Structure formats: structure tokens, C-alpha cells
Amino acid sequence: MAIPAPAAPRGPYLRVADLRVRFSTSDGVVRAVDGVSFEVERGRTLGIVGESGSGKSVTSLAVLGLHDPKRTAVSGRILVGGRDVVGLDEESIRRLRGRDMAMIFQDPLSALHPYYSVGRQIAEAYRIHHPGAGRAESRTRAVEMLDRVGIPQPAKRYDQYPHEFSGGMRQRAMIAMALVNDPDLLIADEPTTALDVTVQAQILDLLSDLQAEFHSAIVLITHDLGVVGQVADDVLVMYGGRAVEYGSAEQVLRRPQHPYTWGLLSSVPSLHGDAAADLVPIPGSPPSMINLPAGCAFHPRCRYADRTRDRAYHDVPELRQVRERGHLVACHLPEDLRLRIHAEEIADAGVA
Ligand SMILES: Nc1ncnc2c1ncn2[C@@H]1O[C@H](COP(=O)(O)OP(=O)(O)O)[C@@H](O)[C@H]1O
Ligand code: SF4
Ligand SMILES: [Mg+2]
């Protein structure tokens, strides 16, 4: 009698609950991530957005177990395929990394070694997690992956070095390396930020295609809401190390309810209608993570702070579900008032 394969764990592949990450520095304790929760199912893409310094990369590094435990306090739960990686020993997390979860960074040169051929590095990434694989098999697998990510003449390109690749091709090679072991979770941190717009669109298309094929859970981190609009199923908006809005891409991008999300959206040309004329940057700058403003951390930059009967200055707003299921917002304004303000703003900006 055939033995049935173990059932894949049900529910989201990645579950992060109340994640907190703190760094001790000579200036004080940096609360880089302060109670963030989200989940991602296989086959879905979560976009994490926020301005620079909002805690996006620190969140992703925590999922990958890449923080230095001596200087960093990580708490909360990070379940990857049902296993909690918070506090997992280095050896176990190394085994998960590259096999069950992989990463793509903004700068492929930081991930690719300059002295080894690109193909050899991909083949090595394969061999680490397939110790039985011989040289020929690993090479074949690496060439297949180079081909799959759209690198022309993959067998020839296998032997070339990172500096012989263009920026876009290097990013493709890094994607090939990340996917060579067919990971269930892929974390891409600003993967297209360094690329020009055309190449950026190609890489995003490639990620979508590969996801349909590999069926992995993807976390895509970016400061660019336009990028998120192209590929994300769900969106988490971070500010000052906290989640301020969370929901489906449709909810967050089409029916946003947090003043910070409104600000981000009105500074993005592609989501704001056709004219670049009305783009409005958010005034002020992101807060210090050592000394977050009391209450709602966004209040010094928020036009509506004085409409919350001073609560914005004292109470940290909790992330709460609004009327629509699955849509969460952390703002003291009553929902009806938020909806009214937003409708008026859109009318004023003349955007349909
Ligand atoms: N290793 C570290 N030590 C101290 N502070 C850090 C460290 N890494 C990140 N930070 C701080 O944590 C905050 C969040 O950073 P980060 O997650 O990189 O932001 P981003 O949203 O731009 O990716 C920033 O204030 C940053 O300066
Ligand atoms: S709680 Fe107040 S300050 Fe914070 S986003 Fe809402 S309206 Fe603005
Ligand atoms: Mg970052």
C-alpha cells in the first residue's frame, strides 16, 4: 500500500505576529519594528510599502533570520511553513534559507561574488541544498534557471562574471539563484529600485510569471506604490516601524483610509491619474526610531491630527478592521469622517 505524502500545512505559508525588532546603539534603543503582523499564502504577493526608514528591510531580515543576535532583540512569532523561526538556532535557519525561503535584494552585486562565474554561483546554491547532486546536474539546473529568467544564450552566460552582466541581467541572475531550489517563500527587497523603468517592468513581469509557475509566497518590499500596484495581491503600509494600513491591494490602493496612505498615493504619478501636475509630496520627514512621536507617530505630518480630539497626540492608534472585512487601519478618525475626507480630496484633485 502506498504511503500517502504528508499533507502540506494548511493556511498561510508565512505568518508574522506581533513582530518587534530592537537594536541597541550608542544613541539609544532603535525600535525599528514595533508590533507588526501579516500573513502570506502560497501563490500570493504581499507588498510592504512605506518611505525609507519605516522598518521594511528590518522586517524582511527578521523573517530570514539575518539579524545579529548579539545586537538585536527580535520578539513575536514568525511562522514559516508552520515553524517558528524566532530564536531558531543558526544551523536550522541556514537550512531553511535558500531552500524554503530565498531573497532578492536591490543590489545584485552584494549577493553575487565578483570572482566566480554567475552560473557557478547558481549551481553552488543548488548543491548546498542537494548534496547528492553532481557537477553536471547542478550545471544543467543552473543553465535551465538562467534560461527561465530570460537570459539569452544561458550556456554561454553561465561562464561569465557578474561584471559582464548588465544591471537588469544581474537582477535576473539573482532571481535565478533565489529560485534554483524552488523555495516556498521569496522575499524581494526593493528588487527594481536600481533599474530603469523599462527593465523594472520586465523584472516585475518576470516575478509574476515565475510565481504562477512556482506557486511561492512572495513578499515584495518597496517604497514605490506604483510597483505594488502592478504586482501585489495584498498591501501592508508601514510607518515608523508600525503597520498603519493593511488589506487587499484593491482596498488599500483604491479605498485607502489612512492619511499616510493618502499621502503616499498622491505622490505617485502612475496611480494618480495621467497628469504629473498635481503630485503632492508628504510634508516633513519620517520620524526617528529612537524617539517616535507620542500617540500616532504620523501626527506631526498629518493634516487631520487636530480632528481627533487630541487623541492623536497621546494614544497610539490600534490597527482595527474597518467595515470591509480584511481591511485594517490605524487611525483615530472615525471611519465615516475618513471616507468623507478622502472623497473630498479626490474631488478636489480632480481625479476620477
Ligand atoms: N543594524 C541596525 N542598527 C541600528 N539601526 C538600524 C539597523 N538597521 C536598521 N536600523 C534602523 O531601523 C529603521 C528601519 O530601517 P529599515 O528597515 O532599513 O527601513 P526601510 O523601510 O527603508 O527598509 C531605520 O531607522 C534604520 O536606521
Ligand atoms: S490618528 Fe490622527 S494623526 Fe494619526 S493618521 Fe489618524 S488623523 Fe492623522
Ligand atoms: Mg529597506
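Position in the sequence shown (from 1) plus 648 gives the number in our numbering. Built from N, CA and C at the ideal position, the CB exists for glycine as well. Computed from a predicted model, the values in this text were never measured in an experiment.
Any residue whose CB is nearer than 7 Å to a heavy atom belonging to ligand 3, listed in chain order = Having a Cβ closer than 7 Å to some heavy atom of ligand 3 are Ser700, Lys704, Ser705, Asp837, Glu838 and Ile869.
message = Could you compute how far the alpha carbon of Glu738 sits from the alpha carbon of Gly815?
response = Residue numbering aside, residue 738 sits at position 90 when the sequence shown is read from its first letter. Residue numbering aside, residue 815 sits at position 167 when the sequence shown is read from its first letter. Cα to Cα, Glu738 sits roughly 32 Å from Gly815.
key: Three-state class that DSSP yields for Ala1064 in the structure shown   = Look at the range of the chain in this structure, 649 to 1000, and you will see that residue 1064 is not part of it.
task = Spatial neighbours of Glu993 within its chain, please: CB distance less than 7 Å, with the 5 preceding and 5 following residues excluded, ordered by chain position.
result = Within the sequence shown, the letter at position 345 stands for residue 993. Sequence-distant Cβ neighbours of Glu993 in its own chain, meaning closer than 7 Å and more than five residues away, are Trp910.
query = Closer than 6 Å: is that where the CB of Pro907 sits relative to any heavy atom of ligand 2?
reply = Working through the sequence shown from its first residue, we reach residue 907 at position 259. Because some heavy atom of ligand 2 lies under 6 Å away, the Cβ of Pro907 counts as near it: yes.
ask   = So is the beta-carbon of Pro982 under 6 Å away from any non-hydrogen atom of ligand 2?
value = Locating residue 982 in the sequence shown gives position 334, counting from the first residue. No, since every heavy atom of ligand 2 falls outside the 6 Å radius drawn around the Cβ of Pro982.
ask   = Helix, strand or coil for Met649 per DSSP?
value = Here residue 649 refers to the residue found at position 1 when the sequence shown is read from its first residue. Low per-residue confidence applies at Met649: pLDDT is 47, beneath 50, and the placement is therefore not dependable enough to give any value.
key: Leu852 vs Gln878 beta-carbon contact at 7 Å   = Your numbering for residue 852 matches position 204 in the sequence shown. Your numbering for residue 878 matches position 230 in the sequence shown. Cβ distance < 7 Å, so Leu852 and Gln878 count as in contact.
task = Give every residue of the same chain whose Cβ lies closer than 8 Å to the Cβ of His947, excluding the five residues on either side of it in the sequence, and list them in chain order.
result = Position 299 of the sequence shown, counting from 1, holds the residue named residue 947. Exclusion of the five residues before and after His947 leaves Pro941, Ala953, Ala960 and Tyr961 as the residues of its chain whose Cβ lies within less than 8 Å of its Cβ.
message = By the three-class DSSP mapping on this structure, what secondary structure does Phe813 have?
response = Translated into the one-based positions of the sequence shown, residue 813 becomes position 165. In the structure shown, Phe813 sits in coil (DSSP, three-state: anything other than H, G, I, E or B).
message = Taking the straight line between their C-alpha atoms, what separation do you get for Leu927 and Arg903?
response = The residue given as residue 927 occupies position 279 in the sequence shown. The residue given as residue 903 occupies position 255 in the sequence shown. One C-alpha to the other measures close to 18 Å.
ask   = CB Arg688 to CB Pro660, shorter than 7 Å?
value = Locating residue 688 in the sequence shown gives position 40, where the first residue counts as 1. Locating residue 660 in the sequence shown gives position 12, where the first residue counts as 1. Residue identity differs from the one stated: residue 688 is Val in this sequence, not Arg. For Val688 and Pro660, yes; Cβs fall inside 7 Å.
query = Run through DSSP, which three-state label would Met822 get?
reply = As a first step, residue 822 is located in the sequence shown; it is residue number 174 there, counting from the start. Met822: helix per DSSP, three-state reduction.
ask   = For Pro756, does the count of other Cβ atoms within 10 angstroms reach 16, so buried, or fall short, so exposed?
value = If you number the sequence shown from 1, residue 756 lands on position 108. Pro756 comes out buried.
key: In DSSP terms, what Ser896 is bridged to   = Residue numbering aside, residue 896 sits at position 248 when the sequence shown is read from its first letter. Answer is Asp882.
With 16 other Cβ atoms within 10 Å as the buried cut-off, status of His920 = As a working mapping, residue 920 is identified with position 272 in the sequence shown. In this prediction, His920 scores a pLDDT of 48, lower than 50, which makes its location untrustworthy; the coordinate-derived value is nonetheless stated afterwards. His920 comes out buried.
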